[in-house]
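Notes follow the structure.
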Amino acid sequence: MKSLELEFTGAEMAAILGLSDRRIRQLADEGVIERAAERGKYLLHPSISRYTQTLEARRDPAVQELNQKKAKLIEIEIAKRDGRLVELEEAMHVVERMAGSFVAALDGLAARASAEIAGRSDQRRYAEARRSLETIVDAVRAELVEKFGEISAELHGGKAA
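No gaps in the numbering here: position 161 of the sequence shown is 161 in full-length UniProt numbering, and each next residue is one more.
Next up, the structure:
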């Protein structure tokens with residue numbers, strides 16, 4: 001495999017690996033970076049291969065976990081900045097306003113629908129229709145209040161999907 005046996009100077013290897021020339025020499029002394037026959041030169045392929053293996057072997061699980069957590073925090077900050085993430089309390093405030101508007105709209109539904117169904121001129125039919133509709137609306141409102149309460153508890157508990 002002659003094509004993979006490229007030779008580079010210490011400075012070139014340092015640039016490739018993002019290290020200093022001195023660190024390249026240290027790694028060569030440790031046997032990680034392979035020296036070429038020509039003084040001051042290093043073989044690319046075996047050196048890169050050994051260097052990556054050395055990095056993998058030296059990884060500390062605690063450092064890996066810390067780096068993963070840092071990456072997650074950075075992702076969260078970027079999402080906040082881009083408007084893809086909002087604070088829970090802000091979201092809950094919006095949801096509560098929407099739910100309140102919806103429930104308020106339900107309050108007038110029975111009267112409006114009764115007038116359409118029975119007409120206001122027939123007071124008995126209007127009153128019966130309104131009572132029936134108010135019973136239905138009250139049941140729906142109670143279901144919504146319960147469901148919104150469950151969703152709110154899930155969100156505050158971090159369990160909502």
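Here a beta-carbon is modelled for each residue, glycine too, at the ideal position from N, C-alpha and C.
Using the beta-carbon count (16 or more within 10 Å), is residue i buried or exposed?
i	result
residue 98	exposed
residue 1	Annotation note: pLDDT 43 at residue 1 (below 50); position unreliable, coordinate value reported separately. Residue 1 should be labelled exposed.
residue 24	buried
residue 112	exposed
residue 84	exposed
Since residue i is in the beta strand (DSSP E), which residue starts that stretch and which ends it?
i	result
residue 7	7-9
residue 164	Because the chain here runs from 1 to 161, residue 164 falls outside it and cannot be looked at.
What does the alpha-carbon distance come out to for the pair residue i and residue j?
i	j	result
residue 125	residue 143	27 Å
residue 116	residue 80	48 Å
residue 135	residue 118	17 Å
Comparing C-alpha positions only, which one of the options sits nearest to residue i?
i	options	result
residue 141	116, 156, 34, 107	107
residue 40	110, 11, 146, 60	11
residue 157	121, 129, 114, 89	89
residue 32	57, 38, 85	57
residue 110	87, 137, 96	137
With DSSP as the reference, identify every bridge partner of residue i, one or two as the case may be.
i	result
residue 200	This structure does not reach residue 200, given that the chain is present from 1 up to 161, and the question cannot be answered.
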